[in-house]
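In terms of my numbering, the sequence shown is residues 700 to 1044. C-beta atoms are modelled at their ideal positions from N, C-alpha and C, and glycine is treated no differently. All figures in this text were calculated on a predicted structure; none of them were measured in a lab. The structure appears right after this line, and notes come after that.
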Amino acid sequence: MSLNLSDAASAGFYMPAEWQTHARCWMAWPCREGFNSEATCGNYAEVAKVISRFEPVSMVVHPRDRETAQAALGNDITCVEIPIDDGWFRDNGPNFLINDQGDVAAACFAFNAWGGNYEPFDDDAQAGPRLLSQLGLQMFQSGMTAEGGGITVDGEGTLITTETCFLNPNRNPGWSKGEVEAELCRMLGVTKVIWIPGDPYEDETNGHVDGLAAFVGPGRVLVEAAFDRAHPRYDILMENRRALEGQTDAKGRMLDLILIEDAWQCDGGDRFCTSYINSYITNGAVIMPSYGLPADARAKAIYQQLFPQREVVSLRIDDIAPGGGGIHCITQQQPGVGAGKTETE
């Protein structure tokens, strides 16, 4: 690994869109006490095995869990030993980048376990750099605290994030909105940042965008919506939706908003992740959560319309969602050859 303290944008690197070509998917085996039950690990293994039907999967595992994880995952999934504290690799893993020549690098942000919600987090804070060292990839290191679940990009210069997360004093005290925005541009190679309010009542991540909105194509954003005033987050979701209405991306296109309701009638507790937006796009498929509700079929139909050339696979995440995240939260894509090209369905 070569450490580059300059910015990724100046070096010609940027983060491609999630629907573009992947070389592999990275995950991390759950290991934090209280969120590493046999059922939780089994749910992680199920997600990994389904993704491995469409692209290679590598699982970062704490050395003490190597044997158990490999037995659960089987031989088709590679285990990589790195000390970690938790299993939400979207947030503390590397944010992989590419340049126009097809080279791969990564941006790593500071990590403090979602504003100090959990301890210890020292190994999670070093997991990205340690992985990149093993892979021999160039790393751009930021001093700003941020998580991968706090961003969504279109691969064409635009990023969406939330005010309740990266502007929270528990992440970056003393940083102005302009400074946070500039750092996101420097580290991820974007030129326009769109801010939405987020969710001030969501204590686990302080309102990550990957439970509220996601780019699903050039100029297209999937937006979590509430259609029933009885929805407990009706006002919050309406505020975020309004913040996106009328917005343009970095290329000047008016954003096309596709609305999708979450599984809000699922009674899983305050931390339970009910977001269908929290899904993972693979090479050839979309892996989405299901909850045993009629809303599952409606969400699946929306994804099938958005990605007609991909298989849509729904998975129960009963033992992942109670931790506050979903399928997107436990995965991180590494771009592959052709990831820099504009790809549409």
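Item, Value
"Quick one: Cα of Gly1035 to Cα of Met843, how far?", "27 Å"
"Excluding sequence positions up to five away, which residues of its chain have a Cβ less than 7 Å from the Cβ of Val879?", "Met843, Phe865, Leu866 and Asn871"
"Pairs of beta-carbons, one from the region 829-840 and one from the region 761-777, closer than 8 Å: are there three or more?", "no"
"Is the beta carbon of Leu796 less than 8 Å from the beta carbon of Ala809?", "no"
"From the DSSP secondary-structure annotation, give me the bridge partner or partners of Ile980.", "Val985"
"DSSP three-state label for Leu866, please.", "coil"
"Going straight from the alpha carbon of Ser841 to that of Glu882, what length do you get?", "8 Å"
"Return yes when the Cβ of Trp787 is within less than 8 Å of the Cβ of Ile1029, no when it is not.", "yes"
"Can you confirm whether Trp813, when its beta carbon is compared against all beta carbons of chain D, has any partner nearer than 8 Å?", "Among the chains of the structure shown, chain D does not appear; only one protein chain is present."
"For the alpha helix (DSSP H) containing Glu818, list its first residue and its last residue.", "Segment: none, Glu818 is in no alpha helix (DSSP H) and carries neither H nor E."
"Cα separation between Lys748 and Ser875?", "42 Å"
"Rounding to the nearest angstrom, what Cα-Cα distance links Gly910 and Ile976 in this structure?", "6 Å"
"Under the assumption that Trp718 contacts Gly916 (Cβ atoms under 8 Å), give the Cβ distance between them as a whole number of angstroms.", "7 Å"
"Tell me whether the beta-carbon of Val1012 lies closer than 8 Å to the beta-carbon of Leu958.", "no"
"Just list the residues that DSSP pairs His721 with in beta bridges.", "Pro1034"
"How do the region 942-952 and the region 853-862 stand: do at least 3 beta-carbon pairs fall below 8 Å, yes or no?", "yes"
"So, for Asp1045: in the same chain, excluding its five sequence neighbours on each side, which residues have a beta-carbon less than 7 Å away from its beta-carbon?", "Because the chain here runs from 700 to 1044, residue 1045 falls outside it and cannot be looked at."
"According to DSSP, is Glu878 part of a helix, a strand, or is it coil?", "helix"
"What's the C-alpha gap between Ile986 and Arg940?", "24 Å"
"Rounded to whole angstroms, what's the CA-CA distance from Leu831 to Cys965? Just pull it up for me.", "38 Å"
"Go through the region 769-840 residue by residue and report every complete run of the beta strand (DSSP E) that reaches 3 residues or more, in order.", "777-780, 794-797 and 803-809"
"So Lys891 is in the beta strand (DSSP E); what residue range does that whole segment cover?", "Lys891 to Ile895"
"Thinking just about the alpha-carbon of each residue, which of Gly773, Ala710, Ser705 and Leu887 is nearest to the one in Pro793?", "Leu887"
"Find out if the Cβ-Cβ distance for the pair Gly1022, Phe734 is shorter than 8 Å.", "yes"
"Taking a contact to mean a Cβ-Cβ separation below 8 Å, would you say Val779 touches Val756 in this structure?", "no"
"Among the candidates Phe753, Lys891, Thr863 and Glu944, whose CA atom is the shortest distance from the CA of Ile899?", "The sequence shown places Pro at residue 899, not Ile. Considering only alpha carbons, the answer is Thr863."
"Which of the three DSSP states, helix, strand or coil, is assigned to Leu858?", "strand"
"Can you tell me whether Asp764 is buried or exposed? The criterion is at least 16 other CB atoms within 10 Å of its CB, across all chains shown.", "buried"
"Restricting to Cα atoms, I'd like to know which of Tyr743, Gln825 and Val889 is closest to Phe712.", "Val889"
"Would Ser974 pass as a contact of Gly1025 if the rule is Cβ separation under 8 Å?", "yes"
"Taking Ala925 as part of the alpha helix (DSSP H), name the residues at either end of that continuous run.", "Neither: Ala925 is in no alpha helix (DSSP H) and is coded neither H nor E."
"Looking at the strands, I want to know which residues DSSP matches up with Ile957.", "Leu921"
"Note the first and the last residue of the continuous beta strand (DSSP E) segment covering Val908.", "Val908 -> no beta strand (DSSP E), and no H or E assigned at all."
"Roughly how many whole angstroms lie between the Cα atoms of Phe820 and Ala707?", "26 Å"
"Return yes when the Cβ of Leu936 is within less than 8 Å of the Cβ of Val920, no when it is not.", "no"
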